[in-house]
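**Student:** Okay, here's the structure, questions in a sec.
Chains as they are written, first to last, in the numbering used here: chain A, 2 to 241; chain B, 44 to 258.
Written as structure tokens, this is what we have:
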């Protein structure tokens, strides 16, 4: 009995070598370095233990098995390598936190971007079907947060048909579907219709994953053009 | 005639034990009282440097810490540091933030001076020279002994505060402006006063002086 108690206690007492440094930098506890020698200088961190952060401790995420981490890291790194160091610096993204069952106020979410802390938390167990697209979707939120004036929501909303209105927030609606429409009518997915920023993120993520964008949808074409033009304002060498 | 009395074996053992105990007690007393006992004090005049112009000598309670500055890595950061060193602004300034075996931080010229230390505000003070831009793009290995300028959560807020890492901190590359590396005397920094429960030190150790080797 006492041995079991010691083992359990040691799990809590165990202090990873870099956890305090990481906490000082990005204010997330229980993280360790996964990989920092990357071509675009992104730092990949993983949850060694579950962590809780945010106002009223409303953000939770859990540690993963190494096997899952290794598998998902390859996918994440492949996708994030599409952004070079210069661009990442401009948008203020440096730390990628890998964990699972990420939730905010008990609502599961694929990622939580924080451009102030230069951090993107990713749920590595998010639906595999959309996983790669979701990575870029969350990166767009970092871009958008860093360049709010460029990605003007009013201008964006005017691309839609007159009667259309977005919801007040992305969680204030049940439009959560992530399947790409075959008949787009101004939106790539159901989730696009939640808010303007989610709509932009959906267009961006479709562009980044090279989805077939050839269509006769004039609204969507305007939106695609808007995203492309504004990305070039941030980085004239940005390649989609 | 006085008869010689031979000490028995057990008496000899007790005698040796008392002697050893006395040596141990005396030694411990010295060691406890003098935390710098085993710290080597380096004399920069006895060391040959390739580029003496870039050598700064930080004198702390346990001796000299010799820092090589890297103006090519961060020209503005090093320039600011040298400006403050030459004006003797760092003299008697506290090591206000110390994490055991991790880092020591000093350089709050406003609230960290020995004569008017302000524990409520220490770490937030300014030099009066304004902030400078971060220089974090050049590759730099933040290994043990690296010296860098401290900043707030935002970039481009470096001023007078600096820190020295006591272990490798690879995550600090591209985060903080490196200005140099300790090449001799890191042990003296490992003896800087720290607290177990807080990074911020009450009744801290102070910098005695920092001088450029060549003026």
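Glycine is no exception: its CB is placed at the ideal position from the N, C-alpha and C atoms.
1) Alpha carbon to alpha carbon, how far is residue 186/B from residue 215/B? Give it in angstroms, no decimals.
2) Name the chain A residues that come within less than 9 Å of residue 200/B, Cβ to Cβ?
3) Is the CB of residue 42/A under 8 Å away from at least one CB in chain B?
4) Taking buried to mean at least 16 other C-beta atoms within 10 Å of its own C-beta, is residue 69/A buried or exposed?
5) Looking at chain B, which residues of the region 17-33 of chain A have a Cβ within less than 8 Å of any of its Cβ atoms?
6) For a contact meaning CB atoms closer than 8 Å, what does residue 214/B contact in chain A?
7) Could you compute how far the alpha carbon of residue 221/A sits from the alpha carbon of residue 100/A?
8) With residue 128/B as the anchor, note down where its alpha helix (DSSP H) starts and where it stops.
9) With 16 as the cutoff for other CB atoms within 10 Å, does residue 12/A come out buried or exposed?
10) Check whether chain A comes within 8 Å of residue 217/B, counting only Cβ atoms and requiring the distance to be less than that.
11) In the DSSP assignment, find the unbroken alpha helix (DSSP H) run with residue 134/A in it and report its ends.
12) Return the CA-CA distance between residue 147/B and residue 72/A, expressed in angstroms with no decimal places.
13) Could you give the distance in angstroms between the alpha-carbon of residue 148/A and the alpha-carbon of residue 92/A?
14) Please name the residue in 175/A, 98/A and 226/A whose C-alpha comes closest to that of residue 156/A.
15) Where do the ends of the beta strand (DSSP E) carrying residue 206/B lie?
16) Between the alpha carbons of residue 51/A and residue 105/A, how many angstroms are there, rounded?
17) Three-state secondary structure (DSSP) at residue 141/B?
18) By a C-beta neighbour count over all protein chains shown, 10 Å radius and 16 as the cutoff for buried, is residue 170/A buried or exposed?
19) Check whether the region 133-141 of chain B and the region 86-95 of chain B are in contact - that is, three or more C-beta pairs closer than 8 Å.
20) Roughly how many whole angstroms lie between the Cα atoms of residue 92/B and residue 107/B?
21) Between residue 127/B and the rest of its own chain, which residues show a CB-CB distance below 7 Å, the 5 nearest in sequence each way excluded?
22) Using 8 Å as the threshold, is the C-beta distance between residue 175/B and residue 201/B below it?
23) Quick one, which of 202/A, 218/A and 29/A has its alpha-carbon nearest residue 183/A's?
24) Of all the alpha helix (DSSP H) runs that stay within the bounds of the region 182-241 of chain B, which reach a length of 4 or more residues?
25) Using the three-state DSSP reduction, which class does residue 54/B fall into: helix, strand or coil?
26) Would DSSP call residue 48/B helix, strand or coil?
27) Ends of the alpha helix (DSSP H) at residue 1/A?
28) Between which two residues does the alpha helix (DSSP H) holding residue 221/A run?
29) Is it the case that the region 51-66 of chain A contacts the region 76-91 of chain A, given that we only count it when at least three CB pairs across the two stretches are under 8 Å?
30) Nearest CA to the CA of residue 207/A: which residue from 97/A, 120/A, 132/A and 143/A?
31) Assuming contact is defined by CB atoms lying nearer than 8 Å, are residue 77/A and residue 23/A in contact in what I supplied?
32) Which of the three DSSP states, helix, strand or coil, is assigned to residue 70/B?
33) Within its chain, find whatever has a CB closer than 7 Å to the CB of residue 193/A; leave out the 5 residues flanking it on each side and keep chain order.
34) Look up residue 77/B in the DSSP assignment and say whether it is helix, strand or coil.
35) Write down every uninterrupted run of the alpha helix (DSSP H) in the region 84-114 of chain A whose length is 4 residues or greater and which is fully enclosed by it, in chain order.
36) What is the DSSP secondary structure of residue 249/B, counted as helix, strand or coil?
**Tutor:** According to the structure data:
1) Going by the C-alpha atoms only, they are around 9 Å apart.
2) Those within 9 Å of residue 200/B in chain A number zero; the least Cβ separation is about 14 Å.
3) Yes, residue 42/A counts as interfacial toward chain B.
4) Result: exposed.
5) Answer set for the region 17-33 of chain A: 19, 21, 22, 23 and 26.
6) Within chain A, the residues near residue 214/B are 19, 22, 23, 26, 34, 37 and 44.
7) Near 34 Å, if we compare the C-alpha coordinates of residue 100/A and residue 221/A.
8) For residue 128/B, the enclosing alpha helix (DSSP H) has its first and last residue at 118-129.
9) Because residue 12/A carries a pLDDT of 45, less than 50, the predicted location of this residue cannot be relied on, and no value is offered for it.
10) Contact with chain A is found for residue 217/B, since one of that chain's Cβ atoms lies less than 8 Å from the residue's Cβ.
11) Counting along the chain, the alpha helix (DSSP H) containing residue 134/A begins and ends at 132-147.
12) For residue 147/B and residue 72/A, the distance between alpha carbons rounds to 39 Å.
13) Just so you know, the alpha carbons of residue 148/A and residue 92/A end up roughly 8 Å apart.
14) Cα-wise, what sits closest to residue 156/A is 226/A.
15) Counting along the chain, the beta strand (DSSP E) containing residue 206/B begins and ends at 205-208.
16) When rounded, the separation of the alpha-carbon atoms in residue 51/A and residue 105/A is 14 Å.
17) Judged by DSSP in its simplified three-state form, residue 141/B adopts strand.
18) Its Cβ having fewer than 16 others within 10 Å, residue 170/A is exposed.
19) Taking 8 Å as the limit for Cβ pairs, the verdict is that the region 86-95 of chain B does not touch the region 133-141 of chain B.
20) C-alpha separation (whole angstroms): 15 Å.
21) Taken in chain order, the residues that qualify are 133, 170 and 203.
22) Against a cut-off of 8 Å, the Cβ pair of residue 201/B and residue 175/B comes out as a contact.
23) By alpha-carbon distance to residue 183/A, the top candidate from 202/A, 218/A and 29/A is 218/A.
24) For the region 182-241 of chain B, whole alpha helix (DSSP H) runs of length 4 or above, ordered along the chain, are 229-233.
25) Three-state result, residue 54/B: helix.
26) Three-state result, residue 48/B: coil.
27) Any property of residue 1/A remains undetermined from this structure, which presents chain A solely from 2 to 241.
28) Counting along the chain, the alpha helix (DSSP H) containing residue 221/A begins and ends at 219-235.
29) The region 76-91 of chain A vs the region 51-66 of chain A: no contact.
30) Minimum Cα distance to residue 207/A is reached at 132/A.
31) No, they are not a contact pair.
32) Residue 70/B: helix per DSSP, three-state reduction.
33) Cβ neighbours of residue 193/A beyond the five flanking positions: 199, 200 and 203.
34) Per DSSP, reduced to three states, the secondary structure at residue 77/B is coil, with no helix or strand assignment.
35) DSSP runs (the alpha helix (DSSP H)) wholly in the region 84-114 of chain A: 86-92.
36) If DSSP states are grouped into helix, strand and coil, residue 249/B belongs with the strands.
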